[in-house]
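As structure tokens, the structure follows; a few thoughts come after it.
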Amino acid sequence: MGETVTNTDLYEQLGIVLELAQLEVTASEVHGIVVGAIVNHLKTGQTPDLLKLIEPNYDSTEGRFSNLLTQVQDLYRQTSDGLFDDSENFSLLMPDDDDALGLRTDELASWCKGYVLGLLHNDKFSIDQLPSNGPEIVRDFIDISEAAAGDADEDEEDWALAELQEYVKVGAQLVFEFVYSEKVASAPKTDKIQ
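Reminder that position 100 of the sequence shown reads as 1119 in the working numbering, one-by-one numbering, no gaps.
What follows is the structure in structure tokens.
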């Protein structure tokens, strides 16, 4: 029987792989890039070059990227499965709740920054072409990407961060579902042969 890998474990593993690849990007930002790229792929049909999004100077001949490539491809598959299955299997890749508030705030901001980068990495569509409330949600993510921990009571800040993190999680799921529903609705109908 295999061990259950938690999101915190995945966050830490990806952080180590990023460090070994000598990259400054965080695990949360990479996960945001992956989630945004999944929605972009669904919307445009264009397969993203994830490593180019993470590191624009990526060179496939450099050995320092080999573990990262495998890890990011696995993360893309797992995240896609979680989004397609149901909301219970999708969560943000974030530090542990016991980590410092400032770190968790920075990582949520990084996740949102990554999401917007992954979503809009090509010129195939703009935020305003997202269906339903998608544009508003993504604009909120842009605002959140600039967030920093405040000076209020730490318990209040912790609660506010948890609420914001839940909003981002649900918002990312909704944007995915809006695009997926639009794709399904625009698919040609076929008659069943009897």
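Don't be surprised by glycine CBs; every beta carbon is placed ideally from N, CA and C. Model, not experiment: these values are computed from the prediction.
In its own chain, which residues sit with a C-beta less than 6 Å from the C-beta of residue 1110, not counting the 5 before and 5 after it? 1026
Helix, strand or coil for residue 1164 per DSSP? coil
What residue range is occupied by the uninterrupted alpha helix (DSSP H) comprising residue 1132? 1120-1138
Using 10 angstroms around the beta-carbon of residue 1202, count the other beta-carbons present and answer buried if the total reaches 16, otherwise exposed. exposed
Below 8 Å, how does it come out for the region 1047-1067 and the region 1140-1156: are there three or more Cβ pairs, yes or no? yes
Residue 1206: buried (16+ other C-beta within 10 angstroms of its C-beta) or exposed? exposed
How is the alpha helix (DSSP H) around residue 1144 delimited, first residue to last? Run containing residue 1144: none; DSSP gives neither H nor E here.
How is the alpha helix (DSSP H) around residue 1077 delimited, first residue to last? Element bounds for residue 1077: n/a, residue is neither H nor E.
Rounded to whole angstroms, what is the Cα-Cα separation between residue 1052 and residue 1172? 32 Å
As assigned by DSSP and simplified to three states, the class of residue 1064: coil
Cβ contact check for the region 1186-1197 and the region 1076-1091: 3 or more pairs under 8 Å: no
Residue 1048 vs residue 1101 beta-carbon contact at 7 Å: no
Can you find the residues in the same chain that come closer than 7 Å, C-beta to C-beta, to residue 1046, ignoring five residues on each side of it along the sequence? 1030, 1033, 1034, 1037 and 1112
Cβ shell of residue 1174 (< 7 Å), same chain only, five flanking positions each side left out: none
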